[in-house]
Each structure stands twice: as structure tokens, then as C-alpha cells.
Amino acid sequence: MKRLNAVLLTLFLSLVTSYALAHGDEHESKGPVKKEQTDWGIADNAKAAKRTLNIKMLDTMRFSPYKFEIKKGETIKFVIKNEGQMLHEFVLGTQKVLDEHAALMVKFPNMEHSEPYMAHVPAGTSKELVWTFNRAGTVDFACLIAGHYQAGMKGQIKVVAK
Numbered sequence: 043m044k045r046l047n048a049v050l051l052t053l054f055l056s057l058v059t060s061y062a063l064a065h066g067d068e069h070e071s072k073g074p075v076k077k078e079q080t081d082w083g084i085a086d087n088a089k090a091a092k093r094t095l096n097i098k099m100l101d102t103m104r105f106s107p108y109k110f111e112i113k114k115g116e117t118i119k120f121v122i123k124n125e126g127q128m129l130h131e132f133v134l135g136t137q138k139v140l141d142e143h144a145a146l147m148v149k150f151p152n153m154e155h156s157e158p159y160m161a162h163v164p165a166g167t168s169k170e171l172v173w174t175f176n177r178a179g180t181v182d183f184a185c186l187i188a189g190h191y192q193a194g195m196k197g198q199i200k201v202v203a204k
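Terminal number for the sequence shown in the numbering used here: 204, no gaps in between.
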């Protein structure tokens, strides 16, 4: 009986740990920022930000505000506050990339991912994300937790030439 309990406890802890890693803070390390050019810009350090934008995440599956205008070349510090009771996330990308990632999240809700353009924000907490918008055009953002994106939890950033 003790052996069975130990096996069950080990199984339970492995499931809890894998879920926590799937939507934890592993990408928000205090180490150097992974600066990799994407179609929607590049990650940066908080010191580089000249402007801060505050975004609220709500359990109504909405961001507030959900539209911004940014000048090309601007580095923005997003302060993302989850005012809801459930986990939400803020993910920057193109519409195509977000659509593809959202479909994967429905199939694999415990999928692990860790990128500098993502912030997983537990209920009642805030996270920061710093991004340089070095390409003009439209950048989308969304919560890709299964069902949230499909319910309309998304927004848009218009990046205008200087």
C-alpha cells in the first residue's frame, strides 16, 4: 500500500509540475533578453523603453485597451495586469502566427513554450514585456490559452512610420 501511495504521489506531482511549466514564468528569467528579429519586432531590455503601456486582462475574454498606435522604432514596456480570476497570457505576433499557435493550444493545452514576446499572467498579478517595434504595419496580440482566443481575447497595434 505504501508503494502504491508513493507511485500515485509521484504521478500527481509530475502532472502538476508539467502543467505549471506549460504556463509558468520560465520565459521570464532575469537573465539577458533573447533578441531575435521577428516579423513583428524584437525583444529589448526595460532600460531601452521610452514609454509604458498598461493593459488589463479580463475574464470577459477581453483586453483593455485592445488597440494602440506606436511609432516605428519605439521600444515599449507593456505592463500587463490580470484583473480576472483565471490565468491569461499576452502574446505578440502576426495574425497567421497567432492563429497557428491558438490551434496548437487547443490540441495541446499543456504545451510548453517560452518566448520573449509572451507573458503568462496568473490571476491578480502583473507582468512586464519589453518590445521594440522596428517594422511598420500591424502587430496583433492575444491570449492563446485554449478557448480564450476563440472567445475574442485579442487586440491590435498599428505601427506607423515616423
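Backbone N, C-alpha and C define an ideal beta-carbon position, used for all residues, glycine too.
Which listed residue (the options) has its alpha carbon closest to that of residue i
i	options	result
residue 124	98, 113 and 204	98
residue 199	126, 82 and 188	82
residue 109	202, 197, 162 and 201	197
residue 149	107, 164 and 189	189
residue 77	175, 165, 164 and 120	175
residue 157	168, 146 and 135	135
residue 201	114, 94 and 104	114
residue 116	172, 191, 186 and 79	172
residue 170	111, 131 and 107	131
residue 104	203, 184 and 204	184
residue 144	102, 195, 86 and 120	195
residue 84	159, 182, 191 and 192	159
residue 186	203, 180 and 153	153
residue 181	121, 133, 191 and 126	133
residue 151	107, 191 and 203	191
Cα-Cα separation between residue i and residue j, rounded to whole angstroms
i	j	result
residue 100	residue 141	21 angstroms
residue 167	residue 178	31 angstroms
residue 31	residue 128	Since the displayed the chain opens at 43 and closes at 204, residue 31 lies outside it and no answer follows.
residue 118	residue 94	6 angstroms
residue 161	residue 96	13 angstroms
residue 90	residue 112	15 angstroms
residue 87	residue 102	31 angstroms
residue 146	residue 79	23 angstroms
residue 92	residue 138	29 angstroms
residue 163	residue 122	8 angstroms
residue 106	residue 204	25 angstroms
Segment limits, alpha helix (DSSP H) that includes residue i
i	result
residue 129	Counting along the chain, residue 129 falls outside any alpha helix (DSSP H), and DSSP gives it neither H nor E.
residue 100	It is not in any alpha helix (DSSP H) - residue 100 instead sits in the beta strand (DSSP E) that spans 93-100.
residue 76	Element bounds for residue 76: n/a, residue is neither H nor E.
Opening and closing residue of the beta strand (DSSP E) in which residue i lies
i	result
residue 160	160-163
residue 184	179-184
For residue i, the three-state DSSP class (helix, strand or coil)
i	result
residue 142	helix
residue 198	strand
residue 149	helix
residue 188	coil
residue 85	strand
Counterpart residues of residue i in DSSP-defined beta bridges
i	result
residue 109	198
residue 119	94 and 172
residue 135	182
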